[in-house]
Amino acid sequence: MTRHLILFAFAAALPLAGMVPGGLPGMEGSAQASPLAAERPVLRGKVTATRALLTIADFFENPGPNADQPLFRAPDLGRTGTVPALDVLRRARAAGLTDADTSGVRDVIVHRAALTIGPDQLRRMIREALQERTGIDASEDLEIEYSGDLPTLTADPAALEPVKLARLSYSPHSGRFDAVFSVDLDKSQTAFAVAGLAIETASIVTFSRRLSRGDMVTAHDLETTRVPRTALREGTVTDPDDIIGMAVRRAQMPGRVLVKRDFEEPIAVERRSRVIITYEISGLKLTVQGEAMADAVKGDVIDVLNIQSRRTIQAVVTGPGRVSVQPRTARVASLEEHVK
C-alpha cells in the first residue's frame, strides 16, 4: 500500500515522462493482443486519456487487479505525446503488474481527449438563454453577431458542465448583449467574456431575378430570406402566396424587400378586346361574344358590348377574356334594353 501511495505521488507530481508533443488527434485505444496470450496484460500502442492520470488499465489490456494504479500524468487537454514502452513497463511492474511485457511496442502514443468549444456552441447557448428571457423563437428569429473574433477553446469532456453561461445582460432596445462563460479545464476553470448584438429577424419574400412592370409572379421567381425585423415596412410580403399570380406594378430588383402595394391583379381583359359573355338565367347557360369597354382585372364589373344585339351590359370579369352576367345583372340589363 505504501509503495502505491509513493508511486501515485511521484506520478502526480511530474508531467508525462518522456512525452514529446505531437499532432495525432482523434486516436483511440487499440489492442495488439495475441490469441495465444489473451489473458496476459497486453501493452497498447495508442491511448486516449479522458482523465488527468493514466492508470495501468489505460496502458494495458487485461490489466488484472492492479488496474487502477496510476502510472503517468496525461498531456494537457487536446495535446498528444509519446512515452517509451520500457518506461511504461518499468512503472507498471513497480505498481504490481509483474507479468507484463512490451508486446513488441516501442513507444506508446497518448492523446488527451478534449471538448472543442467554438463560437457556434456559444451562440446556441446565448440564443437559448434569450429565448427563456424574452420568449423569442431563438432557433430562427434571433441572429447572434459577435463584436470580434472568438478563440476556439478546449474543455474537459469528463466535466459535468464543460462550459456554462455564468452571466448574461441584454438590452431589447439596442439588441446589445454581454455574456460571461465559464470553461472547465480539468482541475481549474477559466472565465471569458463576449459581447455583440442579438438581432431579432423575420422571414420575408424576395425576388431571385429582376421583374419588369406587368410581369406575372410565379413561385420560381421567389425565395425567402431573413432580415432584421426593424427593416420591415407596412405591407412587407412574408407569404409567397400573397403575390403568386399577381402582376408587378413597377420594376423589381432581386433581393429587395417586397411590399404588397407594388403588386396588382393581372389585367384579365383589355379595352376593345373580344370576350366571351356567359349568361346564367333560370338554370340555362348561354354564351355570346362581346367587346370589353375598359381594361379590367378579375372580379371587376365593367361595361361589355353584346356584339349580337349591339347593346351594352354590365358583367363581372371571371378570368382572362371571360365575363359573366348573373341573373340579377341580366334582369337589370334586360329592363334597360326595354326602356331604351
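Numbers -19 to -1, 1 to 321, taken from mature numbering (1 follows the signal peptide of the UniProt record, and there is no 0), label the letters of the sequence shown in order. C-beta: ideal position from N, C-alpha, C; glycine also.
Roughly how many whole angstroms lie between the Cα atoms of residue i and residue j?
i	j	result
K279	V298	5 Å
R108	D165	21 Å
R21	T61	27 Å
I125	L213	19 Å
D281	T205	32 Å
L239	T217	6 Å
L52	V161	37 Å
L35	H92	11 Å
D49	V144	28 Å
D137	R32	8 Å
L17	T83	In this prediction, L17 has a pLDDT of 46, which is less than 50 and means its spatial position is unreliable; nothing more can be read from the coordinates.
T115	A183	16 Å
R210	V186	13 Å
A249	V208	35 Å
M106	E113	11 Å
A14	G85	Because A14 sits at a pLDDT of 43, beneath the cut-off of 50, its placement in the model cannot be relied upon, and the following sentence gives the value as read from the coordinates. Rounded to whole angstroms, A14 to G85 spans 10 Å at the Cα level.
Y260	E246	24 Å
D39	E142	24 Å
D220	L203	10 Å
S150	F173	14 Å
G177	I117	18 Å
F41	L146	39 Å
L267	A277	22 Å
Under 9 Å between the Cβ atoms of residue i and residue j?
i	j	result
R253	A232	no
L103	E181	no
G99	L70	no
L78	G45	yes
G264	I294	no
L288	V304	What sits at residue 288 in the sequence shown is Ile, not Leu. No. Outside cutoff.
V89	V23	no
Ordered along the chain, which non-local residues of its own chain (more than five positions away) have a Cβ less than 6 Å from that of residue i?
i	result
residue 359	Because the chain spans -19 through 321 in this model, residue 359 falls outside it and cannot be assessed.
D196	V229
R87	A66
K168	none
Which residues in the same chain have their Cβ closer than 8 Å to the Cβ of residue i, if we skip the five residues on either side of it in sequence?
i	result
Q170	S163, V164
S193	V229, A232
D243	V229, R230, R231, Q233
R237	T187, F188
G302	A249, V250, S254, R255, V256, I257
Q307	E261, V297
Who are the Cβ neighbours of residue i in its own chain at under 7 Å, not counting the five residues just before and after it?
i	result
T97	T133, T135
N47	I37, A76, G77, L78
S128	A176, G177
N43	E20, R21, P22, V23
If you follow the alpha helix (DSSP H) that residue i is part of, which residue opens it and which one closes it?
i	result
T115	100 to 115
D88	Segment 88 to 93 is the beta strand (DSSP E) holding D88; no alpha helix (DSSP H) there.
D39	37 to 40
Could you give the residue range of the beta strand (DSSP E) that holds residue i?
i	result
A136	134 to 136
A147	144 to 151
T29	27 to 30
Under the DSSP definition of a beta bridge, which residues are partnered with residue i?
i	result
V69	According to DSSP, which records beta bridges pairwise, V69 is partnered with nothing at all.
R74	None, per the DSSP bridge assignment.
I180	E124
S163	K145, A172
T293	L286
S305	T259, V297
V198	BP columns for V198 are empty, so no partner.
Verify the contact flag: residue i, CB atom, against every heavy atom of the ligand FAD, threshold strictly below 8 Å.
i	result
A228	In the structure on display, the ligand FAD does not appear, and there are no ligands present to speak of.
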